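A.B. asks: My questions will all concern the structure given below.
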Amino acid sequence: MNINWYPGHMKKTRESIEKNLSMVDIVFELIDARIPISSRNPIIDDILGSKPRIIILNKSDLASEVGNKAWEEYFIKKNLMAVCIDALSGKGIDRLIKLSNELYEDKRQKNERRGIINRPVRVMILGIPNVGKSTLINTLARRKSAKTGNKPGITRSNQWIKTKANLELLDTPGILWPKFEDKKVGLNLAFTGAIKDEILDRESLALKLIESLAENFPNLLNYRYNVEINDKSYLQIMEEIGIKRGALLKGGEIDYTKVSNIILDEFRKGIIGRITLEFPEE
Ligand code: G4P
9 MNINWYPGHM KKTRESIEKN LSMVDIVFEL IDARIPISSR NPIIDDILGS KPRIIILNKS
69 DLASEVGNKA WEEYFIKKNL MAVCIDALSG KGIDRLIKLS NELYEDKRQK NERRGIINRP
129 VRVMILGIPN VGKSTLINTL ARRKSAKTGN KPGITRSNQW IKTKANLELL DTPGILWPKF
189 EDKKVGLNLA FTGAIKDEIL DRESLALKLI ESLAENFPNL LNYRYNVEIN DKSYLQIMEE
249 IGIKRGALLK GGEIDYTKVS NIILDEFRKG IIGRITLEFP EE
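Each residue of the sequence shown is one higher than the last, beginning at 9 in the numbering used here.
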């Protein structure tokens, strides 16, 4: 779904999130483990202030193990709780629940002293579109539905979704805007499908992806498509993949649309490999 963010939307979103923050104990900030920089909202620290939060690197099944570990360590070094999960299969969810209870412990004790006993941990889920917010809600609540759509902001009436894990989730996650200004960020968001082919046509996007993969992961590209990278141009690599995969038009010319779709789809599904596109800076 295509959304355009205007300053008015951003202001409203921020206001509704800030209003809801007072109702929750902790925040789950979801980011994409393949692009932990590009998938973060640019002013998230400002919005959340000192609210306890857990940074959740979702889709870690699509990112490299080395990348996942590096990012967890990076955030932990910054005194932030971080955990890699795969919201779809549920991997890492037990650890997330454990961390949530740890993070709530001080407040739980405080609440107990005030006579508030056995209250579940109240959580708000935040993240940019397509990062996996509804999937995580469904997995935690063990239900199938809750497609939240990608409309900016939190709008619906607030209901608590009870989970078996002693968590209560605010039913509507906060949908944040990504950073758009940076060209590289835009490309990363488009490669992973967070924004759907909005910044470039699919052929140019696929060519950019080939460039990125040929430079950083030549072996994966070679292994998946059986093409030698060497000093070929990115267009030549694309054409060779087209020939190998039978993406040809009637006259035998390359079907650039088809080969682009193959490359983008296979990258997004993790078929080319588990690939982390961004690493923490040293
Ligand atoms: P949102 O609420 O934050 O907008 O995201 P949502 O849960 O709808 O998830 C977006 C897509 O990402 C979905 O794919 C979902 O299945 C997939 N997804 C979510 N978490 C994970 C994960 O941990 N691992 C993997 N591999 N995929 C995950 P989809 O239904 O195919 O949607 P689309 O990609 O066609 O938009």
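C-beta: ideal position from N, C-alpha, C; glycine also. It should be emphasised that the depicted structure is a prediction, and the values quoted were computed from it without experimental measurement.
TRP168 lies in the beta strand (DSSP E); which residues open and close that run?
C.D. replies: One-based indexing of the sequence shown puts residue 168 at position 160. Taken as a continuous stretch (DSSP letters only), the beta strand (DSSP E) holding TRP168 covers 168-170.
A.B. asks: Please work out which residues of its chain come closer than 7 Å, Cβ to Cβ, to ILE162, disregarding the five sequence neighbours upstream and downstream, and give them in chain order.
C.D. replies: As a working note, residue 162 is residue 154 in the sequence shown. Bear in mind that the predicted position of ILE162 carries a pLDDT of just 48, short of 50, making it too unreliable to give a figure here.
A.B. asks: Taking ILE145 and LEU177 to be in contact with their CB atoms under 8 Å, please state how far apart those CB atoms are, rounded to whole angstroms.
C.D. replies: By 1-based counting over the sequence shown, the position of residue 145 is 137. By 1-based counting over the sequence shown, the position of residue 177 is 169. Sure, about 6 Å apart at Cβ, within 8 Å.
A.B. asks: Could you give the residue range of the beta strand (DSSP E) that holds PHE36?
C.D. replies: To locate residue 36, count along the sequence shown from 1; it is residue 28. Here the beta strand (DSSP E) through PHE36 covers 34-40.
A.B. asks: Would you kindly check if the distance between the Cβ of ASP102 and the Cβ of LYS67 is under 8 Å?
C.D. replies: Within the sequence shown, numbered from 1, the residue matching residue 67 stands at position 59. Within the sequence shown, numbered from 1, the residue matching residue 102 stands at position 94. Not closer than 8 Å, so no.
A.B. asks: If you follow the beta strand (DSSP E) that ILE63 is part of, which residue opens it and which one closes it?
C.D. replies: As a working mapping, residue 63 is identified with position 55 in the sequence shown. Start and end: 61-66.
A.B. asks: Per the contact definition of three or more C-beta pairs closer than 8 Å, is the stretch 222-230 in contact with the stretch 75-85?
C.D. replies: Verdict: no, contact absent.
A.B. asks: Just grab the DSSP bridge partners of ILE262 for me.
C.D. replies: Your numbering for residue 262 matches position 254 in the sequence shown. Its beta-bridge partners are LEU256.
A.B. asks: CB-CB under 8 Å to ILE100, same chain, minus the five flanking residues each way: which ones, in chain order?
C.D. replies: In the sequence shown, the residue the question calls residue 100 occupies position 92. According to the sequence provided, residue 100 is Gly. The question's Ile does not apply to it. Excluding sequence neighbours, GLY100 sits near SER68, VAL91, CYS92, ILE93 and ASP94.
A.B. asks: Distance check for ILE249 and LYS258, CA to CA, integer angstroms please.
C.D. replies: As a first step, residue 258 must be located in the sequence shown, where it is residue number 250. As a first step, residue 249 must be located in the sequence shown, where it is residue number 241. Approximately 17 Å, taken between the alpha carbons.
A.B. asks: Is there at least one non-hydrogen atom of ligand 1 closer than 7 Å to the beta-carbon of ASP305?
C.D. replies: Residue 305 is absent from the model: the chain starts at 9 and stops at 290.
A.B. asks: Whole-angstrom Cβ separation of LEU175 and LEU134, contact assumed at under 8 Å?
C.D. replies: Numbered from its first residue, the sequence shown carries residue 175 at position 167. Numbered from its first residue, the sequence shown carries residue 134 at position 126. Not really, about 15 Å apart at Cβ, beyond 8 Å.
A.B. asks: Would the stretch 263-271 count as touching the stretch 214-223 if we require 3 or more Cβ pairs under 8 Å?
C.D. replies: Counting Cβ pairs under 8 Å, three or more are found: they touch.
A.B. asks: Identify, in the order they occur along the chain, each residue of the same chain with its Cβ nearer than 7 Å to the Cβ of ILE45, setting aside the five sequence neighbours on each side.
C.D. replies: Position 37 of the sequence shown, counted from the start, is the residue given in the question as residue 45. Only GLU286 meet the Cβ criterion.
A.B. asks: Just the C-alpha distance for GLU37 and ILE62, rounded to the nearest angstrom, thanks.
C.D. replies: Along the sequence shown, read from residue 1 onward, the residue named residue 37 stands at position 29. Along the sequence shown, read from residue 1 onward, the residue named residue 62 stands at position 54. Cα-Cα distance, rounded: 6 Å.
A.B. asks: Taking 7 Å as the cut-off, does the CB of THR321 come closer than this to any heavy atom belonging to ligand 1?
C.D. replies: Because the chain here runs from 9 to 290, residue 321 falls outside it and cannot be looked at.
A.B. asks: If distances are taken between C-alpha atoms only, which option among LYS172, ASP190 and GLY201 comes closest to LYS106?
C.D. replies: Walking along the sequence shown from the start, residue 106 turns up at place 98. The shortest C-alpha separation from LYS106 is found at LYS172.
A.B. asks: Taking the CB atoms as reference points, tell me whether GLY75 and ASN138 lie closer together than 8 Å.
C.D. replies: The residue you call residue 75 lines up with position 67 of the sequence shown. The residue you call residue 138 lines up with position 130 of the sequence shown. No, these two residues do not count as a Cβ contact at 8 Å.
A.B. asks: Which runs of the beta strand (DSSP E), 3 residues or longer, sit entirely within the stretch 106-146?
C.D. replies: Runs found: 129-135.
A.B. asks: Got a sec, what are the start and stop residues for the alpha helix (DSSP H) GLU73 sits in?
C.D. replies: The sequence position of residue 73 within the sequence shown is 65, counting from 1. Looking at the DSSP string, the run of the alpha helix (DSSP H) that includes GLU73 is 73-85.
A.B. asks: What is the DSSP secondary structure of ILE43, counted as helix, strand or coil?
C.D. replies: Numbered from its first residue, the sequence shown carries residue 43 at position 35. Coil, per DSSP.
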